[in-house]
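Trainee: Take this structure, written in structure tokens, and hold onto it; I'll ask about it next.
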């Protein structure tokens, strides 16, 4: 198993868990209220689940993995923007930025 494969699995498992949390967790309902974006919580959770699935399908259908990684990178770019807009600390913004960089890399290099 090479490094790219490990990174794909890391991202896919992370977004599977994030997506489920966004759809089921009352804590995430509160977070989205804090972001002043409660209407987007279910959409974001669904996109995260679809992105995770796309990353895994990408092992067989490379263009789909690349598209999923690009979509997740875009989602994380928007997350970084929201974090900056609501004046979260750099430490609070770091996870979204790290997943932005990870998925941008996967989009460009792993598939």
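In our numbering, the protein residues as written are 70 to 180. Just so you know, even glycine gets a beta-carbon here, dropped at the ideal spot from N, CA and C.
1. May I ask you to verify whether the segment 99-113 touches the segment 131-142, counting CB pairs closer than 8 Å and requiring at least 3?
2. On a Cα-Cα basis, can you pick out the residue from 119, 121, 93, 146 that is closest to residue 173?
3. Determine, using beta-carbon pairs with one atom in the segment 159-166 and one in the segment 105-118, whether at least three such pairs fall under 8 Å.
4. Looking only at its own chain, which residues have a Cβ that is under 7 Å from the Cβ of residue 166, when we skip the five neighbours before and after it?
5. Using DSSP with H/G/I as helix, E/B as strand and the rest coil, what is residue 105?
6. With a threshold of 7 Å, establish whether the CB of residue 81 neighbours any heavy atom of the ligand COA.
7. Which same chain residues, not among the five before or five after residue 131, have their C-beta less than 7 Å away from its C-beta?
8. What do you get for residue 86, buried or exposed, if any count of 16 or more other CB atoms within 10 angstroms of its CB means buried?
9. Let me check understanding here. Comparing Cα to Cα, which of 81, 117, 105, 124 lies closest to residue 156?
10. Quick check on this structure: which residue in 70, 76, 91 has the alpha carbon closest to the alpha carbon of residue 171?
Mentor: On the basis of the coordinates in this document:
1. no
2. 146
3. no
4. 149
5. coil
6. Among the ligands in the structure shown, none appear at all, so the ligand COA cannot be discussed.
7. 180
8. exposed
9. 105
10. 76
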